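*Asks:* Mind looking over this structure? Questions follow.
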Amino acid sequence: RIPRTLRHELSNPMSTVQTSLELLADETDPMQQARLRAAAERGIAKLDSTLSRVTEAVSLEDALREDVLYPVDLRKLLQDYGAIQAEQHPRLRWKIDVPDAPVVVDAHALRLEQLLDKLIDNALDFTPDQGRIWLRVRDHLTAVSLSVENEGVGLVSTPSDDLFQLFSSSRQDATGVHLGLGLYIVRAIAESFGASPQIESTGRGVRVTLQGFRRPGGLTGCN
Numbered sequence: 002r003i004p005r006t007l008r009h010e011l012s013n014p015m016s017t018v019q020t021s022l023e024l025l026a027d028e029t030d031p032m033q034q035a036r037l038r039a040a041a042e043r044g045i046a047k048l049d050s051t052l053s054r055v056t057e058a059v060s061l062e063d064a065l066r067e068d069v070l071y072p073v074d075l076r077k078l079l080q081d082y083g084a085i086q087a088e089q090h091p092r093l094r095w096k097i098d099v100p101d102a103p104v105v106v107d108a109h110a111l112r113l114e115q116l117l118d119k120l121i122d123n124a125l126d127f128t129p130d131q132g133r134i135w136l137r138v139r140d141h142l143t144a145v146s147l148s149v150e151n152e153g154v155g156l157v158s159t160p161s162d163d164l165f166q167l168f169s170s171s172r173q174d175a176t177g178v179h180l181g182l183g184l185y186i187v188r189a190i191a192e193s194f195g196a197s198p199q200i201e202s203t204g205r206g207v208r209v210t211l212q213g214f215r216r217p218g219g220l221t222g223c224n
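In our numbering, the protein residues as written are 2 to 224.
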């Protein structure tokens with residue numbers, strides 16, 4: 002499935018580059034030449050971006066097997082991460098909802114931030130100006146969960162489990178259909194911590210929840 006999907010995703014930018022270069026060969030107007038060069042450069046940039054994201058996704062599982070997990074306070078990590086995001090994206094309203102006490106799980110802090118980066122990148126693409134993004138940690142003693150929710154465009158009728166597969170996507174922004182690599186990376190990292198991802202429409206946007214983080218000492222965070 003990967004080669005077939007890649008061919009589809011790469012064909013449009015490749016066509017843009019080829020057409021622009023063919024027209025550029027016969028074009029004498031400097032303004033038109035500049036426009037065609039810019040179009041070719043955009044196509045090349047899209048090709049490079051797509052290949053970089055695919056490389057990241059398909060090499061991730063090998064890297065995760067080499068990671069050593071250690072106790073991480075999910076509450077503090079989310080507070081610090083959310084504060085940085087609020088500073089970087091002041092056009093949005095941010096809500097950080099965490100327990101009063103530390104919530105310690107077996108994880109890897111840098112991988113958790115990588116996971117959050119993917120969820121936030123996705124949320125930013127679909128949240129309108131002055132829209133809200135919620136970051137939450139829930140600790141019910143027998144269950145630890147982390148969720149990211151955004152206001153904005155909801156999901157189409159695609160089974161939620163399918164959205165965490167490689168090259169699956171259900172939403173569009175102004176640039177077109179997403180490759181779906183971000184949610185695949187989210188799933189791979191979450192599962193390395195013993196958590197399972199779920200995605201759902203909320204009526205006002207979309208929520209992604211990761212449930213079942215392992216606690217230090219091998220205790221499960223599942224119901």
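Where a beta carbon is used, it is the ideal one built from N, C-alpha and C, also for glycine. Quick caveat: nothing in here was measured; it's all calculated off a predicted structure.
Starting from the C-beta of Q80, find all residues in its chain whose C-beta is less than 8 Å away, skip the five residues before and the five after it, and write them out in chain order.
*Replies:* Cβ within range, chain order: I97, V99.
*Asks:* Who does V18 pair with in a DSSP beta bridge?
*Replies:* Bridge partners of V18: none, in fact.
*Asks:* When the Cα of K47 is compared with those of S12, V207, Q89, G153, which residue comes out closest?
*Replies:* Among S12, V207, Q89, G153, the Cα nearest to that of K47 belongs to S12.
*Asks:* Among the candidates G183, A196, V145, whose CA atom is the shortest distance from the CA of R54?
*Replies:* When each option's Cα is compared against that of R54, the closest is G183.
*Asks:* Who are L147's beta bridge partners in DSSP?
*Replies:* Bridge partners of L147: V138, L211.
*Asks:* Answer with buried or exposed for P91, where buried requires no fewer than 16 other C-beta atoms within 10 angstroms of its C-beta.
*Replies:* Result: exposed.
*Asks:* So for V106, helix, strand or coil by DSSP?
*Replies:* It is a strand residue.
*Asks:* L116: buried (16+ other C-beta within 10 angstroms of its C-beta) or exposed?
*Replies:* With 16 or more other Cβ atoms within 10 Å, it is buried.
*Asks:* Would you please state the rounded distance, in angstroms, between the beta carbons of A41 and S21? I believe it to be under 8 Å.
*Replies:* Right, the Cβ-Cβ distance comes to about 4 Å (below 8 Å), so this counts as a contact.
*Asks:* For the beta strand (DSSP E) containing V73, list its first residue and its last residue.
*Replies:* Element bounds for V73: 71 to 74.
*Asks:* Only counting the same chain, and skipping five residues up and downstream in sequence, which positions put a Cβ closer than 8 Å to that of R133?
*Replies:* L93, R94, W95, K96, N151, E152.
*Asks:* Tell me whether Q131 is buried or exposed, calling it buried when 16 or more other Cβ atoms sit within 10 Å of its Cβ.
*Replies:* So Q131 ends up on the exposed side.
*Asks:* Between L227 and S197, is the Cβ-Cβ spacing less than 8 Å?
*Replies:* A query on residue 227 cannot be resolved here, the shown segment of the chain reaching from 2 to 224 and no further.
*Asks:* Can you tell me whether V73 is buried or exposed? The criterion is at least 16 other CB atoms within 10 Å of its CB, across all chains shown.
*Replies:* Buried.
*Asks:* In chain order, what residues of the same chain have a beta carbon less than 8 Å from the beta carbon of D122, not counting five sequence neighbours either side?
*Replies:* Once the five neighbours on either side are set aside, the close Cβ partners of D122 are G183.
*Asks:* Whole angstroms is fine: what's the gap from M15's alpha carbon to S60's?
*Replies:* So the two alpha carbons sit approximately 24 Å from each other.
*Asks:* Can you give, in chain order, each stretch of the beta strand (DSSP E) that sits fully within the segment 19 to 91 and has at least 3 residues?
*Replies:* Counting whole runs of 3 or more residues, the segment 19 to 91 contains the beta strand (DSSP E) stretches 71 to 74.
*Asks:* Distance, Cα to Cα, M32 vs V18?
*Replies:* Each residue's alpha carbon lies about 18 Å from the other.
*Asks:* Does the beta-carbon of L147 have 16 or more other beta-carbons within 10 angstroms, so that it is buried, or is it exposed?
*Replies:* Label assigned to L147: buried.
*Asks:* Going by the CB atoms, is the gap between R38 and L52 shorter than 8 Å?
*Replies:* Against a cut-off of 8 Å, the Cβ pair of R38 and L52 comes out as no contact.
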